[in-house]
Amino acid sequence: MQTGPAHVRWKNPRGVRMIMKKIVINSFEALVENKLRSMLTMLGMIIGVSAVILLVSVGTGAKRYITNEFESLGTNMIMLQPGRTDKESTMGPPVSSSKGKLLLSDVEALQRYATSLSAVSGVMFGAGVVKTEQGTNNINILGSNDQFVKIFNMVIIQGNYISKEDDDSGKRVVVLGYNVKKNLFGESMALGQLVKVNDSEHRVIGIVKPTGDKMGFNVDDMVFIPTKSALRLFNTDRLFGIRAAAKTRNGLNDAVKDITEILKERHNGEEDFTIITQVTMLESMNTILNMLTYALGAIALISMLVGGIGIMNIMLVSVTERTREIGIRRAVGARQSDILKQFIIEAVVISVSGGLVGILISAIITYTLFFFFPGFDMRPPFWIIPPAFFLSFFTGLIFGVWPARKAARIQTIDALRYE
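Now the structure itself:
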């Protein structure tokens with residue numbers, strides 16, 4: 001049986017704890033003696049961990065923002081575009097290039113027979129000019145009916161939106177986006193005033209509440225006119241598309257089925273249109289944003305690699321500088337494993353300390369940005385914190401092994417002779 005102090009300390013748990021405690025203390029003392037070097041080495045890990053968390057937070061923030069935008073419209077909205085595209089696509093083809101077409105009669109058929117829908121509106125979209133004596137605006141013009149506000153959850157702050165009677169008769173009335181009203185009338189009353197929309201006079205009947213972007217277009221910079229009036233204005237019978245709302249989110253699939261059956265019957269059995277739901281669009285966007293988040297995180301891992309190489313480089317320098325110290329410790333009884341543990345612990349302490357500081361800095365940055373820009377919530381998700389911490393731990397562990405093994409293999413006699 002093996003005897004001696006080494007055997008005793010391995011068989012004695014208290015002795016093992018004391019030895020480990022001493023090794024940890026020696027590691028911290030060595031780092032404290034070289035404060036500037038230790039801090040500069042930590043800097044690489046601080047930047048690496050911060051980059052990982054910040055880039056993942058940007059991707060997560062974009063996902064939250066887009067999700068909120070979709071949910072603000074409700075999750076039961078359905079978009080119909082003319083022309084057939086792949087079922088996995090989230091966008092229909094441009095009207096001008098599609099073989100199929102959607103007409104006002106299609107809208108009327110859906111309103112009459114699609115019992116699973118709560119609202120249906122044909123839409124006509126185009127660019128135009130709105131003029132008054134006070135000024136001119138180049139804006140987007142959207143033709144719709146009275147149910148459009150219900151589908152898009154729009155709010156009218158003055159007057160009214162287009163009524164069913166307005167749409168049925170193609171009456172020349174217009175609802176102004178908030179910015180358009182400010183640009184054309186300033187603080188003056190706009191209701192009841194006449195404006196020229198592409199040289200055709202329309203009477204202002206309503207003002208939309210400041211809304212901002214919805215589904216890729218700025219509502220505040222648009223004007224809304226009856227669908228029939230828009231078709232006449234752009235000299236066409238083809239709708240840009242149809243927008244509808246299912247009665248409930250759970251009834252979304254039934255609504256899609258109803259729409260498909262009704263329109264196929266009207267289009268001679270041909271499915272020459274594309275149906276896009278909010279849920280489908282949101283799932284597609286989430287897939288894209290998840291991939292973006294993972295890509296950003298992977299790019300940030302390069303910073304972690306650079307930080308790990310920095311730790312290894314400094315630890316190798318430290319081994320060379322402390323060769324004589326290693327020899328003295330070996331001469332008074334320290335084993336190779338003790339030297340190995342000390343240098344690995346030093347590398348891990350540097351790495352983990354840098355990781356903790358990086359987590360703190362990234363949290364401060366993201367929460368500060370959220371305070372000033374609450375609309376874009378890029379606060380780091382909790383799930384990224386533990387991986388970032390353990391990543392810093394394993395980086396120090398992995399990149400500290402080579403320097404530690406080099407230190408442990410130094411022969412006692414050679415170390416004591418080292419100058």
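Counted from 1, the sequence shown has number 78 at position 78 by the UniProt record's numbering; the numbering is strictly sequential. Think of the CB as a built atom: it goes at the ideal place given N, C-alpha and C, for glycine as much as any other residue.
Asked: Integer-rounded CB distance, given that I242 should sit under 8 Å from L142; Found: Actually they are not in contact, since the Cβ atoms of L142 and I242 sit about 13 Å apart, beyond 8 Å.
Asked: Own chain, CB closer than 6 Å to M42, minus 5 neighbours either side, in chain order; Found: I350, S353, G354
Asked: Whole-Å CB distance - A295 paired with N76, under 8 Å assumed; Found: Not confirmed; about 32 Å, so no contact.
Asked: Pairwise C-alpha distance: M189 and residue 443; Found: In the structure as shown, the chain begins at 1 and stops at 419. Residue 443 is therefore absent and cannot be evaluated.
Asked: E69 versus V279, V319, F393, M315, residue with shortest Cα-Cα distance; Found: V279
Asked: Stretch pair the stretch 321–341 + the stretch 389–409: three plus CB contacts closer than 8 Å; Found: yes
Asked: Any alpha helix (DSSP H) of 4 or more consecutive residues that is wholly inside the UniProt domain "ABC3 transporter permease C-terminal" (298–411); Found: 323–331, 336–372, 385–408
Asked: Residue range of the beta strand (DSSP E) that includes T227; Found: Segment 227–233 is the alpha helix (DSSP H) holding T227; no beta strand (DSSP E) there.
Asked: Segments assigned beta strand (DSSP E), at least 3 residues, entirely inside the stretch 148–216; Found: 156–159, 173–176, 194–197, 200–208
Asked: Environment of A62 [buried if 16+ CB atoms lie within 10 Å]; Found: buried
Asked: Coil, strand or helix - residue 426 by DSSP; Found: In the structure as shown, the chain starts at 1 and stops at 419, and residue 426 therefore has no counterpart that could be examined.
Asked: For T136, the three-state DSSP class (helix, strand or coil); Found: strand
Asked: Residues near D166 in its chain [Cβ-Cβ closer than 7 Å; skip 5 each side]; Found: V173, P226
Asked: Pairwise C-alpha distance: L55 and F240; Found: 38 Å
Asked: Under 8 Å between C-beta atoms of G307 and T395; Found: yes
Asked: For A246, the first and last residue of its enclosing beta strand (DSSP E); Found: 241–246
Asked: Nearest-angstrom Cα separation, counted from V357 out to T90; Found: Residue placement at T90 is flagged as unreliable, the pLDDT there being 44, under the threshold of 50; the coordinate-derived value follows with that caveat. Going by the C-alpha atoms only, they are around 42 Å apart.
Asked: G44 burial status per 10 Å Cβ neighbour count (16 or more: buried); Found: buried
Asked: CA-to-CA distance, F373 to M124, given in whole angstroms; Found: 34 Å
Asked: Proximity test, Cβ basis, 8 Å: P374 and chain D; Found: Absence of chain D from the displayed structure is noted, only one protein chain being present.
Asked: Spatial neighbours of T412 in its chain, beta-carbon cut-off 8 Å, leaving aside the 5 residues before and after; Found: G327, R330, A331
Asked: Neighbourhood of Q193 by C-beta, 6 Å cutoff - its chain only, sequence neighbours within 5 removed; Found: V204
Asked: Distance between R37 and V319 (C-alpha atoms, nearest Å); Found: 14 Å
Asked: Inter-residue Cα distance where the pair is V52 and R266; Found: 54 Å
Asked: Segment contact flag, the stretch 257–277 with the stretch 125–144, C-beta cutoff 8 Å, min 3 pairs; Found: no
Asked: The stretch 146–160 contacting the stretch 286–293, beta-carbon criterion three pairs below 8 Å; Found: no
Asked: Contact set for N145: own chain, Cβ-Cβ below 6 Å, skip 5 residues either direction; Found: S121, D167, T227
Asked: Beta bridge counterpart(s) of T274 as assigned by DSSP; Found: Q81
Asked: Under 8 Å between C-beta atoms of S303 and G59; Found: no
Asked: Simplified DSSP assignment, three categories, for N76; Found: coil
Asked: Buried versus exposed, by CB contacts within 10 Å (16 or more), T368; Found: exposed
Asked: Within 8 Å, strictly: CB atoms of V256 and T277; Found: yes
Asked: Buried or exposed by the 16-neighbour rule on C-beta atoms within 10 Å, applied to G212; Found: exposed
Asked: Chain-order list of residues whose beta-carbon lies under 7 Å from that of Q147 (same chain, five-residue window excluded); Found: A119, V120, S121
Asked: Whole-Å CB distance - R232 paired with G170, under 8 Å assumed; Found: 6 Å
Asked: Close beta carbons around V312, own chain, < 8 Å, minus the five adjacent residues each side; Found: The identity of residue 312 in the sequence shown is Met, whereas the question assumes Val. Taken in chain order, the residues that qualify are A347, F399, G400, W402, P403.
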